[in-house]
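Numbering-wise (UniProt numbering), the sequence shown opens with residue 1 and increments by one.
Even for Gly, the Cβ is constructed at its ideal location relative to N, Cα and C.
Here is the structure we will look at, set down as structure tokens.
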Amino acid sequence: MLASSIRIQRVSLGRYTTTGSCGLLNVCKKTWYSTKPAFEIKENETVINGKSFDKDEWTNVTPAILAKVNRQLHLQPKNPISIIRQLIESNFTDFKTFNEFSPVVTTKQNFDDLYIPKDHPSRTKSDNYYFNKDTVLRAHTSAHQLQGLASGENKFLISGDVYRRDEIDSSHYPVFHQIEGFFYLDNDLTKLQNELNRVQATETPNIELVDDTVIKPENPVQACHSSEASDLIAAHLKHNINTMIRNLFADEKDLKVRWIDAYFPFTSPSWEVEILYKGEWLEVLGCGVVNQKIMNGAGLDNKIGWAFGMGLERLAMVLFGIPDIRLFWSEDSRFIDQFTPGKINKFVPFSKFPPCIKDISFWLPEGEWHENDFCELIRGEAGDIVENVQLIDDFRHPKNNKRSLCYRINYRSMDRNVTNDEINEIQEKVRRVVQEQFKVELR
Ligand code: FA5
Ligand code: MG
């Protein structure tokens, strides 16, 4: 955990964040994964899967992140991420599935098409991986809602890897996976009621529900919708989600699910769903009634719909008992051979290797300090060997008013012992690069 005074507020595609922008540029002429030529970072352009993107002042994709693009954990049959995806899909049997949209999308797809305002903080360089001002690694599967609608299907699911610059700890990784659900129907009260009756007849989720959300001005029915139609489609959404969660947690006897109000520019009303797991509320998805402008833009003026976006890692960590988010990326057979497609079983940890802890302290120069950029730089130099980065001291000199920070970097490999010498070498590199990039004065 980072000290709360400057803890970076994580970015939700709906909420506001405190981080600003200041990207890093990494140059590397290495081609990864010979089977699928993935990427090459050249002087003036970045090539990924055969497509080239000119660099500009927005460019901040790094070799470490581009190396993840073709891993597609959600499609590796034995990976828990893929197992969870398939279990979710099995709850929506008549939905069309899209699992292979490219994560390289336009800023139009990721933001504009979803009515995310131009000045919304979720667009900043500090929170996203940009190829250039117009092209980004998708930050959510909602970036493909219009592609789903263009297919002509009225019920579909979209899964994929999504990318956000973030802090480093056991539950945060710059790549995670989401599954998006989308459903629409004629905006006709009889049809909506019949459809709701149909789904409610087949399943009654047996869970303890906490849902005291009410429609209010901060989370309103859209002006173009009648409250009856909006309530019916919302009830359909809630029933589908509650049933899915019940089925996923079939072995949890006392499952508690809580609905809370939320805000997303692309839905209204909007909610987030949390589950009570081992005494803690865990946010698992965001959802709501689709912004009618999205429907109308797709030529579906007389339809009304719902959408949700759910993270797969958090569910998989809970259901499979996986303690560290980096493990999903492990290619160690002791990890991957523990799992069977279609089945949830508890992960048996292989021995935990000892950590190697190093501190880095420095005086900051004038100007802003963005912790995401610092974490990104450490990831770039050290890769997955970094388990977490923690701010342990934040101090201002009483005389010259200069600010000094001390971070503790916890290095630990998931599959072998690390030597002090090897970590010293990495730490030296980290120190050098931090000094060069951020113009700090090392202590
Ligand atoms: C979104 O990404 C919206 N696109 C969701 C949505 C879709 C809303 C359709 C309405 C309609 P948010 O940023 O809250 O929202 O992320 C959605 C889910 O992704 C979260 O509930 C969580 O389960 C998961 N998630 C978000 N950030 C992380 C993270 N850093 N690590 C792991 N999972 C995350
Ligand atoms: Mg959220």
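task: Please go through the segment 298-336 and give each complete alpha helix (DSSP H) segment of 4 or more residues, from N-terminal end onward.
output: Runs of the alpha helix (DSSP H) inside the segment 298-336: 312-320 and 333-336.
- prompt: Once you ignore the five residues that flank Ser-361 on each side, which residues in its own chain have a CB closer than 6 Å to its CB?
  reply: Numbered from 1 along the sequence shown, position 361 holds the residue referred to as residue 361. Same-chain partners within the cutoff: Cys-406 and Arg-443.
message: Check for me: the beta strand (DSSP E) holding Gln-390 runs from which residue to which?
response: For the purposes of this step, residue 390 is taken as residue 390 along the sequence shown, with counting starting at 1. From DSSP, the beta strand (DSSP E) with Gln-390 extends over 386-396.
query: Is Gly-288 near ligand 2, with its Cβ less than 7 Å from a heavy atom?
result: For the purposes of this step, residue 288 is taken as residue 288 along the sequence shown, with counting starting at 1. Taking non-hydrogen atoms of ligand 2 into account, the C-beta of Gly-288 is found less than 7 Å away from none of them.
message: Let me check one thing: in DSSP terms, what residues is Ile-41 bridge-paired to?
response: Here residue 41 is taken as the residue at index 41 of the sequence shown, counted from 1. In the DSSP assignment, Ile-41 is bridged to Thr-46.
- request: Less than 8 Å between the CB atoms is what I'm expecting for Pro-341 and Pro-117, so what's the real figure, rounded?
  value: Within the sequence shown, the letter at position 341 stands for residue 341. Within the sequence shown, the letter at position 117 stands for residue 117. The pair is not a contact, with the Cβ atoms about 42 Å apart (cut-off 8 Å).
query: Going by C-alpha distance, which of Thr-124, Leu-75, Asp-231 and Ile-245 is nearest Asn-60?
result: By 1-based counting over the sequence shown, the position of residue 60 is 60. Closest option to Asn-60, judged by alpha-carbon separation, among Thr-124, Leu-75, Asp-231 and Ile-245: Thr-124.
Alpha helix (DSSP H) runs contained entirely in the segment 337-388, provided each spans 4 or more residues: Here the runs fully enclosed are 371-382.
- prompt: By DSSP, does Asp-251 sit in helix, in strand, or in coil?
  reply: On the sequence shown, position 251 is the one that residue 251 refers to. The answer is coil: DSSP assigns Asp-251 none of H, G, I, E or B.
Segment contact, 8 Å Cβ cut-off, at least three pairs: the segment 214-223 with the segment 123-141: With a cut-off of 8 Å on Cβ pairs, the segment 214-223 is not in contact with the segment 123-141, counting fewer than three such pairs.
- prompt: Where DSSP assigns a beta bridge to Tyr-407, which residues make up the other side?
  reply: For this step, residue 407 is matched to residue 407 along the sequence shown. DSSP, once it has assigned bridges, lists Ile-360 and Leu-391 as partnering Tyr-407.
message: Pop quiz: Lys-402 and Trp-363 are said to be a contact at Cβ under 8 Å. What is the actual Cβ separation, rounded to whole angstroms?
response: Here residue 402 corresponds to residue number 402 of the sequence shown, with the count starting at 1. Here residue 363 corresponds to residue number 363 of the sequence shown, with the count starting at 1. Indeed they touch by this definition, with Cβ atoms about 5 Å apart.
- prompt: In the DSSP assignment, what are the bridge partners of Ala-67?
  reply: For the purposes of this step, residue 67 is identified with residue 67 of the sequence shown, where counting begins at 1. Assignment of beta-bridge partners to Ala-67 by DSSP yields no partner.
- prompt: What do you reckon, is the C-beta of Met-295 under 7 Å from a heavy atom of ligand 1?
  reply: Here residue 295 refers to the residue found at position 295 when the sequence shown is read from its first residue. Taking 7 Å as the cut-off, one finds no heavy atom of ligand 1 near enough to the beta carbon of Met-295.
- prompt: Looking at Glu-283 and ligand 2, is the gap between the Cβ and the nearest heavy atom below 7 Å?
  reply: Locating residue 283 in the sequence shown gives position 283, counting from the first residue. Glu-283 Cβ: within cutoff of ligand 2.
query: Is DSSP giving Ser-270 helix, strand or coil here?
result: On the sequence shown, position 270 is the one that residue 270 refers to. Correct three-state label for Ser-270: strand.
Cβ-based burial, Val-199 [other Cβ within 10 Å; buried from 16]: On the sequence shown, residue 199 is found 199 positions in, with the first residue counted as 1. Exposed, by the Cβ-count rule.
query: By DSSP, does Asn-132 sit in helix, in strand, or in coil?
result: As a working note, residue 132 is residue 132 in the sequence shown. If DSSP states are grouped into helix, strand and coil, Asn-132 belongs with the strands.
message: Could you check whether Phe-101 and Phe-147 sit closer than 8 Å to each other, using their CB atoms as the reference points?
response: Position 147 of the sequence shown, counted from the first residue, corresponds to residue 147. Position 101 of the sequence shown, counted from the first residue, corresponds to residue 101. The residue asked about is misnamed: residue 147 is Gln in this sequence, not Phe. In contact: Gln-147 and Phe-101 (Cβ atoms closer than 8 Å).
query: Which residue comes first and which comes last in the alpha helix (DSSP H) that contains Arg-123?
result: The residue given as residue 123 occupies position 123 in the sequence shown. Counting along the chain, Arg-123 sits inside no alpha helix (DSSP H), nor does DSSP assign it H or E at all.
query: Which whole-angstrom value is the C-beta distance of Phe-320 and Pro-63, which I expect to be below 8 Å?
result: The residue given as residue 320 occupies position 320 in the sequence shown. The residue given as residue 63 occupies position 63 in the sequence shown. Their Cβ separation, rounded to whole angstroms, is 30 Å, which puts Phe-320 and Pro-63 out of contact at 8 Å.
message: Using the Cβ count rule (16 or more neighbours within 10 Å means buried), how would you classify Ala-250?
response: To locate residue 250, count along the sequence shown from 1; it is residue 250. Residue burial annotation: Ala-250 is exposed, with fewer than 16 other C-beta atoms found within 10 angstroms of its C-beta.
query: Under 7 Å from any heavy atom of ligand 1, does the C-beta of Phe-147 make it?
result: Position 147 of the sequence shown, counted from the start, is the residue given in the question as residue 147. According to the sequence displayed, residue 147 carries Gln and not Phe. Checking every heavy atom of ligand 1 against the Cβ of Gln-147, none is found closer than 7 Å.
- request: Using the Cα positions of Asp-261 and Cys-287, report the straight-line distance between them to the nearest angstrom.
  value: Taking the sequence shown and counting its residues from 1, one reaches residue 261 at position 261. Taking the sequence shown and counting its residues from 1, one reaches residue 287 at position 287. Cα-Cα distance, rounded: 10 Å.
- prompt: Counting pairs of beta carbons, one from the segment 325-341 and one from the segment 410-422, are three or more of them closer than 8 Å?
  reply: The segment 325-341, when compared against the segment 410-422, does touch it at the 8 Å Cβ threshold.
query: Taking DSSP as the reference, what is the three-state secondary structure of Gly-148?
result: The residue you call residue 148 lines up with position 148 of the sequence shown. Note: Gly-148 maps to helix in three-state DSSP.
task: Please look up how many angstroms separate the CB atoms of Pro-103 and Arg-379, rounded, as I've assumed it's under 8 Å.
output: In the sequence shown, the residue the question calls residue 103 occupies position 103. In the sequence shown, the residue the question calls residue 379 occupies position 379. With a Cβ gap of about 18 Å, Pro-103 and Arg-379 do not count as contacting.
Test item: CB-CB of Glu-381 and Val-430 under 8 Å: Locating residue 381 in the sequence shown gives position 381, where the first residue counts as 1. Locating residue 430 in the sequence shown gives position 430, where the first residue counts as 1. For Glu-381 and Val-430, yes; Cβs fall inside 8 Å.
field: Coarse secondary structure for Asp-161, derived from DSSP in three states
entry: As a working mapping, residue 161 is identified with position 161 in the sequence shown. Strand at Asp-161.
- prompt: Whose C-alpha, out of Val-290, Asn-296, Val-318 and Arg-138, is nearest the C-alpha of Gly-279?
  reply: If you number the sequence shown from 1, residue 279 lands on position 279. Selected option, being the one with the closest Cα: Val-318.
message: Assuming Ile-325 and Ser-171 are in contact, meaning their beta carbons sit under 8 Å apart, how far apart are those beta carbons, in whole angstroms?
response: The residue given as residue 325 occupies position 325 in the sequence shown. The residue given as residue 171 occupies position 171 in the sequence shown. About 6 Å separates the beta carbon of Ile-325 from that of Ser-171, a gap short enough to meet the 8 Å contact definition.
- request: Kindly indicate which three-state DSSP category Asp-211 falls into: helix, strand or coil?
  value: What you label residue 211 is simply residue 211 of the sequence shown in a count that begins at 1. The answer is strand: DSSP assigns Asp-211 an E or B state.
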